[in-house]
Amino acid sequence: MDFGTHIHSEGEGIKELRAMENGIKRVVSYAFYPISPSAPETMIDMFRKLTTFEVSRAEKGITLYPAIGVHPRCIPLGYHKVFSFMEENPSKAFGEIGLETASDQEVAVVDHTNERTAGKILKAGYWTGLTLQPGKLSREEVEKIVEKYGFERFLLNSDTGFSDDELFAVSKIEYLLQKFDAREVEKLAFRNAEKFQ
Ligand SMILES: [Zn+2]
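For my numbering, add 714 to where a residue sits in the sequence shown, where the first one is 1.
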C-alpha cells in the first residue's frame, strides 16, 4: 500500500484522486497557495479547506493527512494571525515551509533533494525527500541516489498538484524493482513514511 508523502490535493481533480487510489491509499497533502495571498484569512481558509473539505474529498479511497504551514512565498501582511490560527488548531504535520529547519530531526524531512544535496542532508540526520517530477528528479536520478546512499531515511514523492507532475510517481515503481530488492523499494515508496503516521 503506497504512501504519497508529498502532494497538493487541491490541485487535483476528483478524477486524478480516484485514479491515484489504484496504487496509493494514504497521502500527505501540503498547504501551499500558488499566488501571494492578499490577507492572512486567505491562508487560514486554505488550512480550513485542507483539513476538512480535502480530507472528505479524498476519503472514498484515500486517507488524507493535511499538513499546514506557511511557505516563504505565501507570507501575507498580518501573518501573525495565521500563526495564531496554527497554534489554536495544532496539526500533526507541518509544511510546506520552504526553509529546511526543524528542531526534531527524527521527524523532519528535507524535501526536494537531489544528487548534490541528499548526502549532506542524510549526514545532518534528516529524512530525505526524493521528488519524481519534471524539473526535480528523473527516474534515472532517483536510481542513482538510492544506489549510492541506500534506502534508509528516504521518502519518494510526487509533489503532484500544482505543477508538471508524475501523478503515479510513488505507485509506478517497476523500474526500481527491476534493479533493486523489493523490500528496499517498499521502504522507499511507503514503509519509511509509516514512521510519520
Ligand atoms: Zn509541494
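From the three backbone atoms N, C-alpha and C, an ideal C-beta is built for every residue, glycine too.
Note that the structure is predicted; figures quoted are calculated from it, not measured.
Set against 7 Å, the gap from the CB of E810 to the closest heavy atom of ligand 1 is smaller.
Within the same chain, and ignoring the five residues on either side of S872 in sequence, the residues whose Cβ sits closer than 8 Å to its Cβ are G718, H720, I721, T845, L846, Q847, D879, E880, L881, F882, A883 and V884.
The region 777 to 792 makes no contact with the region 825 to 833: fewer than 3 CB pairs, one atom from each, lie closer than 8 Å. For H722, the three-state secondary structure derived from DSSP is coil. Rounded to whole angstroms, the gap between the alpha carbons of Y779 and M734 is 15 Å. M800 and G864 have their alpha carbons spaced roughly 36 Å apart.
Note that the region 853 to 867 touches the region 895 to 906; at least 3 beta-carbon pairs, one per stretch, sit closer than 8 Å. By the beta-carbon neighbour count (other beta carbons within 10 angstroms, threshold 16), S752 is exposed. Judged by beta-carbon spacing, F894 lies beyond the 8 Å limit of V856, meaning their Cβ atoms are not closer than that value.
Under the DSSP assignment, R740 falls in the beta strand (DSSP E) whose first and last residues are I738 to Y744.
The residue from G737, A838 and M757 with its alpha-carbon nearest to that of S798 is M757. In this chain, the beta strand (DSSP E) harbouring A781 covers T777 to I782. Each residue's CA atom was taken as its position, placing E898 and P754 some 43 Å apart. Of the residues T874, S723 and R853, the one whose Cα lies closest to the Cα of T777 is S723. Here T827 is buried, its C-beta having at least 16 other C-beta atoms within 10 Å. For G725 against G875, the beta-carbon gap comes to about 3 Å, under 8 Å, which counts as contact. Nearest to G783 by alpha-carbon distance, out of K795, K739, G775 and W841, is K795. Residue burial is scored here from C-beta neighbours: E810 has at least 16 other C-beta atoms within 10 angstroms and is therefore classed as buried. F876: not part of any beta strand (DSSP E); DSSP gives it neither H nor E.
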